[in-house]
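Trainee: One structure, as structure tokens, below. Some questions next.
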Amino acid sequence: MKIRIGTRGSKLALWQAYFVQDRLKELGVDSEIVKIETKGDKILNVTISKIGSKGVFTEEIEEKLKNGEIDIAVHSAKDMPSTLPEGFELIAFSEREKEHDVLVSHKSIDLNQKDLVLGTSSTRRIACLHKHFPHVKTVPVRGNLQTRIQKMKDGACDALWLAYAGVHRMEFDHMVVHEFDLEEFVPAVGQGSVAIEVYTGISEEKKELIRKAVNDDTTETILLAERAFLKVMNGGCSIPVYGRATIEGNTLSLTGGIISLDGKREVAKTCNTTLDGGLKAGETLAHYILENGGKEILEEIRKEQAE
Ligand SMILES: NCc1[nH]cc(CCC(=O)O)c1CC(=O)O
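With full-length UniProt numbering as the guide, the letters of the sequence shown map in order to residues 1 to 307.
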């Protein structure tokens, strides 16, 4: 048996695909990597929220899953919409890397510096920044990590605000100049884990093999809770929603929230549940947040983004 692994062609995406290939190899399973270009890779001059549709990094890959050209697709779990198109399913989540955000720069950075400019196009990060460091400016810097670092060095910004996981995987740890506190800056849902997507009809044998190779049970429990939260919040990466679950002993703790783009209003809450209560807790938490001011923040953001 040979598993065909579909992936985007960026270095980070390939790192993830090779990671999955290595896990499969450990089980004696042969695989082949198929590179696929997506809309999100082609359009580099516009921020993701402006391209609009959910799944800008997934559509072309899902087409190949559907027509059988590939068996599985490897993604950053964070990039996966909370609701997948009919027939698609995430069947495994790799053990999560440290999920916090960092600043990457070629020079030292003081977040209190008046004229600081940070590179990010994430609405979650921009909103958090407006709340905690209102004097800091942001500019969108798109492209893969290597490209973004070059743009920064050429003067586009002072530092890039990124997920530690990607920075570490691309071996840019030496350029990390600031680490954001996980409690204060709750990351995006799914950050740091690699997810495996399949299309209906994949054999049970392949499915089990892939889960055995890649899935981490604890991460799966955590990610399913976070994604249940995101689903009700109806957010993709273009909405400043954050969510993070952790497990200690038999307790699953889930924090979720939404923050207005100007950083002035935030609704957030943490709840604790049992290990099998994650899905329910995610949904309940989202309903609480929507009913306590979250809905208004969301509507306002949608209106702004439609302009
Ligand atoms: N938004 C793009 C994206 N998707 C996944 C990662 C990083 C790796 C991960 O979280 O798995 C990144 C880059 C970033 O946010 O810095």
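Glycine residues also receive a C-beta, built at the ideal position from the N, C-alpha and C atoms.
Determine the contact status of T255 and R265, defining contact as a CB-CB distance below 8 Å.
Mentor: Along the sequence shown, one-based indexing puts residue 255 at 255. Along the sequence shown, one-based indexing puts residue 265 at 265. No, these two residues do not count as a Cβ contact at 8 Å.
Trainee: Return yes when at least one heavy atom of ligand 1 lies under 7 Å from the C-beta of A165, else no.
Mentor: Stepping through the sequence shown from its first residue, residue 165 is reached at position 165. Yes, since a heavy atom of ligand 1 falls inside the 7 Å radius drawn around the Cβ of A165.
Trainee: Hey, quick one: how far does the beta strand (DSSP E) through residue 309 stretch, first residue to last?
Mentor: Residue 309 falls outside the range modelled here, since the chain spans only 1 to 307, and no answer is possible.
Trainee: Would you mind working out which of H132, E205, D110 and A92 sits nearest H178, comparing C-alpha positions?
Mentor: Taking the first residue of the sequence shown as position 1, residue 178 is located at position 178. Per the C-alpha coordinates, the member of H132, E205, D110 and A92 positioned closest to H178 is D110.
Trainee: Going by DSSP in three states, E300 sits in which element: helix, strand or coil?
Mentor: Position 300 of the sequence shown holds residue 300. Looking at E300 - three-state DSSP - the assignment turns out to be helix.
Trainee: Which same chain residues end up closer than 8 Å to Q146 when comparing Cβ atoms and leaving out the 5 residues on each side of it in sequence?
Mentor: Taking the first residue of the sequence shown as position 1, residue 146 is located at position 146. Within the same chain, Q146 has close Cβ partners K11 and M170.
Trainee: To the nearest angstrom, how far is it from the Cα of G68 to the Cα of K25?
Mentor: Translated into positions along the sequence shown, residue 68 becomes position 68. Translated into positions along the sequence shown, residue 25 becomes position 25. Approximately 22 Å, taken between the alpha carbons.
Trainee: If you drop the 5 nearest sequence neighbours on each side, which residues of the same chain put their C-beta closer than 6 Å to that of M80?
Mentor: Counting from one through the sequence shown, the residue named residue 80 turns up at place 80. Closer than 6 Å at Cβ, skipping near neighbours: A195.
Trainee: How about D41: is its Cβ closer than 7 Å to a heavy atom in ligand 3?
Mentor: Among the ligands in the structure shown, ligand 3 does not appear; only ligand 1 can be found there.
Trainee: Can at least three beta-carbon pairs, one atom from the segment 285 to 292 and one from the segment 258 to 275, be found at a separation below 8 Å?
Mentor: yes
Trainee: Among all the DSSP beta bridges, which residues are the ones paired with H178?
Mentor: As a first step, residue 178 must be located in the sequence shown, where it is residue number 178. According to DSSP, H178 bridges with L103.
Trainee: Within the present structure, is the beta-carbon of S94 separated from the nearest heavy atom of ligand 1 by less than 7 Å?
Mentor: If you number the sequence shown from 1, residue 94 lands on position 94. Because no heavy atom of ligand 1 lies under 7 Å away, the Cβ of S94 does not count as near it: no.
Trainee: Roughly how many whole angstroms lie between the Cα atoms of N272 and K151?
Mentor: By one-based count along the sequence shown, residue 272 stands at place 272. By one-based count along the sequence shown, residue 151 stands at place 151. Distance between the alpha carbons of N272 and K151 is about 42 Å.
Trainee: Take S105 as the anchor and find which of Q305, D173, G278 and S203 has the nearest alpha-carbon.
Mentor: In the sequence shown, residue 105 corresponds to position 105, counting from 1. That would be D173, whose Cα lies nearest to the Cα of S105.
Trainee: Cβ of D79 within 7 Å of any heavy atom in ligand 1?
Mentor: Indexing the sequence shown from 1 puts residue 79 at position 79. Yes, the Cβ of D79 comes within 7 Å of a heavy atom of ligand 1.
Trainee: Return the first residue and the last residue of the beta strand (DSSP E) that G89 is part of.
Mentor: Taking the sequence shown and counting its residues from 1, the one referred to as residue 89 is at position 89. In the sequence under discussion, the amino acid at residue 89 is Glu, which differs from the Gly named in the question. Taken as a continuous stretch (DSSP letters only), the beta strand (DSSP E) holding E89 covers F88 to F93.
Trainee: Rounding to the nearest angstrom, what Cα-Cα distance links E89 and L279 in this structure?
Mentor: To locate residue 89, count along the sequence shown from 1; it is residue 89. To locate residue 279, count along the sequence shown from 1; it is residue 279. Cα to Cα, the separation comes out at about 16 Å.
Trainee: Grab the span of the alpha helix (DSSP H) containing E62 for me, first residue to last.
Mentor: For the purposes of this step, residue 62 is taken as residue 62 along the sequence shown, with counting starting at 1. Looking at the DSSP string, the run of the alpha helix (DSSP H) that includes E62 is E59 to K66.
Trainee: What do you reckon, is the C-beta of G192 under 7 Å from a heavy atom of ligand 1?
Mentor: Here the question's residue 192 lines up with position 192 in the sequence shown. At least one heavy atom of ligand 1 is nearer than 7 Å to the Cβ of G192, so yes.
Trainee: Going by C-alpha distance, which of I91, P240, H100 and E99 is nearest S203?
Mentor: For the purposes of this step, residue 203 is taken as residue 203 along the sequence shown, with counting starting at 1. Closest by alpha carbon: I91.
Trainee: Rounded to whole angstroms, how far is the Cβ of S31 from the Cβ of K2, which I believe are closer than 8 Å?
Mentor: On the sequence shown, position 31 is the one that residue 31 refers to. On the sequence shown, position 2 is the one that residue 2 refers to. Yes, S31 and K2 are in contact; Cβ-Cβ is about 6 Å, under 8 Å.
Trainee: Output the boundary residues of the alpha helix (DSSP H) element that contains T219.
Mentor: What you label residue 219 is simply residue 219 of the sequence shown in a count that begins at 1. Unbroken alpha helix (DSSP H) run through T219: D217 to M233.
Trainee: Is DSSP giving N112 helix, strand or coil here?
Mentor: Along the sequence shown, read from residue 1 onward, the residue named residue 112 stands at position 112. Note: N112 maps to coil in three-state DSSP.
Trainee: For the structure I just gave you, are there three or more beta carbon pairs, one from the segment 130 to 137 and one from the segment 212 to 220, closer than 8 Å?
Mentor: no
Trainee: Tell me, which residues are paired with K269 by DSSP?
Mentor: As a first step, residue 269 must be located in the sequence shown, where it is residue number 269. Bridge partners of K269: G256.
Trainee: Which parts of the segment 149 to 217 are runs of the alpha helix (DSSP H), unbroken and 4 residues or longer, counting only runs that do not cross its ends?
Mentor: Segments of the alpha helix (DSSP H) lying fully in the segment 149 to 217: 164 to 169 and 204 to 214.
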